[in-house]
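Student: Got a structure for you, questions after.
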Amino acid sequence: MATPPEVPARCQTFLAFDYGLKRTGVASGNRLLGTATPQATIRAEGAARLAAAVARIREWQPDALVVGVPFHPDGASHDNTARARKFARQLRAASGLPVFEVDERYSTTEALASGARDADAGAACVILDQFLRSLP
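Going by this note's numbering, the first residue of the sequence shown is number 127, and it counts up by one from there.
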């Protein structure tokens, strides 16, 4: 397992994103409860996706952001790995908030197995739950 991220204590509320080319899942959560709640999935591409994510950040006003970064099962990077990391950098630049990356392998599978009605928002919950569990 990866080393838990160094997350300042002032970071209590989080908004997580499961980046996708056509849909980006969103979840909110906080340290106190240690759980994630699905939010409406962003159904947009390119600049419209970033604008919708920034609008969501303004609406929720989290202390920090979490972005799921996909890898192959063996841990190797692929095209969407670079795209998700670019999205994370764009969010950091647009919001000025800390952005933490989480390995999101199998998050959609886990979300579907747990009965998520929206696989993208469910995957964002899995990503955020994993992140929150890694915090001290």
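Virtual Cβ for every residue (Gly too), placed ideally from N, Cα, C.
Model, not experiment: these values are computed from the prediction.
1. Cα separation between glycine 201 and glutamine 187?
2. Would you kindly work out how many angstroms separate the C-alpha atoms of arginine 215 and cysteine 137, rounded to a whole number?
3. With DSSP collapsed to three states, give me the class of alanine 190.
4. So, is threonine 235 buried or exposed, given that buried needs 16 or more other C-beta atoms within 10 angstroms?
5. I'd like the ranges of any alpha helix (DSSP H) spanning at least 4 consecutive residues and lying wholly in the segment 187-233.
6. Is glycine 248 helix, strand or coil when you go by DSSP?
7. In three-state terms, what does DSSP make of threonine 235?
8. Report yes if the C-beta distance between alanine 250 and glycine 151 is below 8 Å; otherwise report no.
9. Could you check if glycine 172 is buried or exposed, using at least 16 other CB atoms within 10 Å of its CB as the buried criterion?
10. DSSP puts alanine 178 in a beta bridge; with which residues?
11. Thinking arginine 115 and isoleucine 168 are a contact (beta carbons under 8 Å), I'd like their distance in whole angstroms, please.
12. Where arginine 259 and valine 133 are concerned, what is the direct C-alpha to C-alpha distance, given to the nearest angstrom?
Tutor: The relevant details are as follows:
1. For glycine 201 and glutamine 187, the distance between alpha carbons rounds to 32 Å.
2. Rounded to the nearest whole angstrom, the C-alpha separation of arginine 215 and cysteine 137 is 18 Å.
3. It is a strand residue.
4. If you draw a 10 Å sphere on the C-beta of threonine 235, you find fewer than 16 other C-beta atoms in it, and that means exposed.
5. Every alpha helix (DSSP H) of 4 residues or more that sits fully in the segment 187-233 is shown, in chain order, as 205-221.
6. Here glycine 248 sits in helix by DSSP.
7. Threonine 235 falls in the helix class under three-state DSSP.
8. Against a cut-off of 8 Å, the Cβ pair of glycine 151 and alanine 250 comes out as a contact.
9. Exposed: under 16 other Cβ atoms inside 10 Å.
10. The secondary-structure analysis by DSSP pairs alanine 178 with nothing; it has no beta-bridge partner.
11. Given that the chain is displayed from residue 127 to residue 262, the structure contains no residue 115 and the question cannot be resolved.
12. Between arginine 259 and valine 133, the C-alpha separation is close to 12 Å.
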